[in-house]
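*Asks:* Each step along the sequence shown adds one to the number in my numbering, with nothing skipped, and position 183 is 486. Built from N, CA and C at the ideal position, the CB exists for glycine as well.
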Amino acid sequence: MKQEIYHPRNLFFSRFISSLIYPFIWIFIRSPATHDIGKNGIKKILVTEYHCIGDVLMIIPALRLIKSSFPNAELTLITNSDVSELAAVLKLADKIIPCDFPWTGKKGKMNYQKVWDIAKKLKRKNFDLGIDFKGDMRNLIFLWKTDSKFRLGFDGTGGSYFLTHPFPLPFTNHQTDRSVQLLRLIGLNQTIDNSPISIVSNVDNKKNYMVLHPGANHKARQWSKNKWIKLVELLEHSHKIALVKTNDSVKTINALKEIYPDIFIFSGSLVSFGKWLQHQKVLIGMDSMAVHLAGV
304 MKQEIYHPRN
314 LFFSRFISSL
324 IYPFIWIFIR
334 SPATHDIGKN
344 GIKKILVTEY
354 HCIGDVLMII
364 PALRLIKSSF
374 PNAELTLITN
384 SDVSELAAVL
394 KLADKIIPCD
404 FPWTGKKGKM
414 NYQKVWDIAK
424 KLKRKNFDLG
434 IDFKGDMRNL
444 IFLWKTDSKF
454 RLGFDGTGGS
464 YFLTHPFPLP
474 FTNHQTDRSV
484 QLLRLIGLNQ
494 TIDNSPISIV
504 SNVDNKKNYM
514 VLHPGANHKA
524 RQWSKNKWIK
534 LVELLEHSHK
544 IALVKTNDSV
554 KTINALKEIY
564 PDIFIFSGSL
574 VSFGKWLQHQ
584 KVLIGMDSMA
594 VHLAGV
């Protein structure tokens with residue numbers, strides 16, 4: 304089975320760049336570790352997962368495994384600003400640091416000088432273990448700059464030399480499985496807590512809707528507004544319809560509002576959306592974030 308995570312051209316150029324820069328920086332890089340990561344010496348752990356909201360939700364099993372394997376260690380999670388509040392509510396880590404890095408495509412992203420400033424601050428924290436599940440070389444460079452004693456991750460796009468414990472990215476495995484698999488590779492074999500995650504919420508009268516989420520982080524996933532209009536036409540007579548308004552769905556929402564002025568439109572934070580979503584019947588959406596959140 305071929306990999307479908309990265310565009311083949313982008314993957315080729317990234318690995319090519321990785322091979323080009325290595326001769327110029329090898330002297331500054333600590334040699335790969337030749338021994339296992341000892342559990343007793345791990346007191347501070349850094350996990351970086353800041354690209355998409357859904358990515359953070361999919362590593363919840365891995366974060367639980369880290370916590371159970373290192374019960375006395377302090378876990379810090381760097382994630383994007385969109386999901387940081389939800390991550391705090393779900394208590395995914397002891398500390399949550401929101402960051403919108405320039406290579407993630409986020410609006411209002413920070414510049415590279417700010418990125419290095421953050422890396423310097425993290426370096427002063429003296430992390431024993433740094434983990435990145437993404438396999439993106441830019442992530443690995445950032446993790447290297449934090450100077451964590453052990454740096455664990457996949458080398459999907461190159462840059463294995465930035466890690467002390469690099470492993471090949473299993474391209475054909477599901478993203479949730481990949482994160483757990485990485486931890487298994489260093490001997491974290493505990494059973495994972497698979498109990499449901501709940502967001503405490505109060506039931507209100509805005510429940511039992513069929514929820515339509517037109518927004519999508521990537522344009523390739525988005526439907527045209529005409530398709531959403533057609534879908535509402537098919538459903539409106541037999542279901543209560545609610546729309547979810549996001550920054551990338553404003554035009555579609557406005558078009559539907561003109562046709563159906565009384566339709567309910569949800570607008571709020573990710574946490575409030577998660578609470579409200581628990582009391583609805585069905586979610587239809589193009590973006591993986593909403594689908595992952597529906598499963599929380």
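Can we say the segment 428-437 touches the segment 342-349, given the rule of at least three CB pairs closer than 8 Å?
*Replies:* Flag = yes, the segment 428-437 and the segment 342-349 touch.
*Asks:* Can you give me the Cβ contacts of LEU395 inside the same chain, cut-off strictly under 8 Å, excluding the 5 residues immediately before and after it?
*Replies:* The residues are VAL359, ILE363, LEU366, LEU380.
*Asks:* When you compare only the Cα positions, how much space is there between ILE268 and ILE421?
*Replies:* Because residue 268 is not part of the residues shown, which for the chain are 304 to 599, the question remains open.
*Asks:* Can you name, in chain order, every residue of its own chain whose Cβ lies under 7 Å from the Cβ of ILE544, other than the five neighbours on each side?
*Replies:* TYR512, MET513, LEU515, VAL535, LEU538, ILE566.
*Asks:* Whose C-alpha, out of LEU485, ASP551, ASN550, PRO405, is nearest the C-alpha of GLY459?
*Replies:* It is LEU485.
*Asks:* If you run the structure through DSSP and keep just helix, strand and coil, what is HIS521?
*Replies:* Here HIS521 sits in coil by DSSP.
*Asks:* Could you work out which residue in GLY408, TRP406, VAL386, PRO517 is closest to ILE400 when comparing CA atoms only?
*Replies:* Residue VAL386 is the option with its Cα nearest to ILE400.
*Asks:* I think MET589 touches ARG487, with their Cβ atoms under 8 Å apart; what is that distance to the nearest whole Å?
*Replies:* MET589 to ARG487, Cβ: 32 Å. No contact.
*Asks:* Based on DSSP bridge pairs, tell me the residues matched to ARG481.
*Replies:* Answer is none; ARG481 lacks a bridge partner.
*Asks:* Nearest by alpha-carbon distance to HIS477: which of LYS437, THR382, ASP339, LYS509 is it?
*Replies:* Closest option to HIS477, Cα to Cα, is LYS437.
*Asks:* Give me, in chain order, the residues of the same chain whose beta-carbon lies closer than 7 Å to that of ILE532; leave out the 5 immediate sequence neighbours on both sides.
*Replies:* Around ILE532: ALA558, LEU559, ILE562.
*Asks:* State the start and end residues of the unbroken beta strand (DSSP E) segment that holds ALA545.
*Replies:* 544-547 is the span of the beta strand (DSSP E), which, as asked, contains ALA545.
*Asks:* Using a Cβ-Cβ cut-off of 6 Å (strictly less than) and excluding sequence neighbours within five positions of VAL547, which residues of its own chain qualify?
*Replies:* Excluding sequence neighbours, VAL547 sits near HIS516, PHE569.
*Asks:* Which term fits SER541, buried or exposed, when burial requires 16 or more other beta carbons within 10 angstroms of its beta carbon?
*Replies:* Classification for SER541: exposed.
*Asks:* Helix, strand or coil for ARG454 per DSSP?
*Replies:* Note: ARG454 maps to strand in three-state DSSP.
*Asks:* Could you say which of ASP397, THR449, ILE345, LEU586 lies nearest to GLY518 if we only look at CA atoms?
*Replies:* Comparing Cα positions, the closest option is LEU586.
*Asks:* Could you tell me which residues DSSP puts in a beta bridge with LEU586?
*Replies:* VAL514, per the DSSP bridge assignment.
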